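Numbers 1 to 186, taken from our numbering, label the letters of the sequence shown in order. As structure tokens, the structure follows; a few thoughts come after it.
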Amino acid sequence: MKKTKKQTVKKGPACVECGATMRAEKGDFKFTITPRWAVTIADSELHTCPRCGTHEGTVVNASTLERKIAAEVLRKASPLAPDEVKFLVESFDWTKRQVAARLGIAPETLSRYEQGAYRISPAVDRLLRLMVAVLYVRDQELAGAVVSNPVAGKTADPLKLTLRLDQHGDYQVVGESQPGSHQVAA
């Protein structure tokens, strides 16, 4: 009797909804930052459940991705949008009360900036960007660019980015749909 080699089939993760084995494929993944704001990660590993249709994406190097998003938000020339303020504030290991104190504003004012009830003042916008550049992104050149380039414009829409993970494990911008958002040189 002739022996045959057993082929091992690599199973994907189990669906959290129905338990079926999910199929893996490459595609664009919407990485949700806040309920109203997401960035696209191109060529990401996606898992789809053939039974119930649930979709999941895979994020590689989540901290690197978050720092890249923060750096791109800091570079935009228009004022910070409420969702961007919330994202940047959450990048610190401080309470919102501590962040507000360091910005020289009341915690209620910070909350209103995050909710969009108040438009962020140019001085607080710049100080928050500078704090994030120095303390979270840790990029001195970017901090210098934030200081030397004033925020211009009246619109405060969240930055729409498409990023792709490169072979070195870094995220690169491959698409951006907000004109004029990269006027800060770093």
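Don't be surprised by glycine CBs; every beta carbon is placed ideally from N, CA and C. In this text the structure is predicted, and so the values were computed from the model without any measurement.
Residue range P122 to V132 is occupied by the alpha helix (DSSP H) that includes D125. CA-CA distance, H168 to M22, rounds to 28 Å.
Excluding its 5 nearest sequence neighbours in each direction, V59 has C-beta neighbours in its own chain below 8 Å: F29, F31, I41, S44 and L65, listed in chain order. For F87, the enclosing alpha helix (DSSP H) starts and ends at P82 to V89.
If you ignore the 5 residues before and after Y118, its C-beta comes within less than 8 Å of the C-beta of T109 and R112, all in its own chain and listed in chain order. In this model, Q172 and G104 are separated by some 34 Å (Cα to Cα). Taking 8 Å as the cut-off, the beta carbon of T155 is found no closer than this to the beta carbon of S91. When A71, Q98, H55 and R75 are compared, the shortest CA-CA separation from Y136 is found for A71. Classified as buried, A133 has 16 or more neighbouring CB atoms from the shown chains inside 10 Å of its CB. Nearest to A143 by C-alpha distance, out of L128, V89, S63 and F87, is L128. Comparing alpha carbon positions, the residue from L80, Q98, R67 and T95 closest to D170 is R67. Under the DSSP assignment, E45 falls outside any alpha helix (DSSP H), being part of the beta strand (DSSP E) whose first and last residues are W37 to T48. For P82, the number of other beta carbons within 10 angstroms of its own is at least 16, and it is reported as buried. Under a 10 Å Cβ-count criterion, P158 is classified as buried, with 16 or more other Cβ atoms of the shown protein chains found around its own Cβ. Taking C-beta atoms under 8 Å as the contact rule, A24 and H55 fail to qualify, at a distance of about 12 Å. Residue pairing by DSSP puts H55 in a beta bridge opposite T48.
By the Cβ neighbour-count rule, C15 is buried, with 16 or more other Cβ atoms within 10 Å of its own. The C-alpha of L130 is placed about 48 Å away from the C-alpha of R51.
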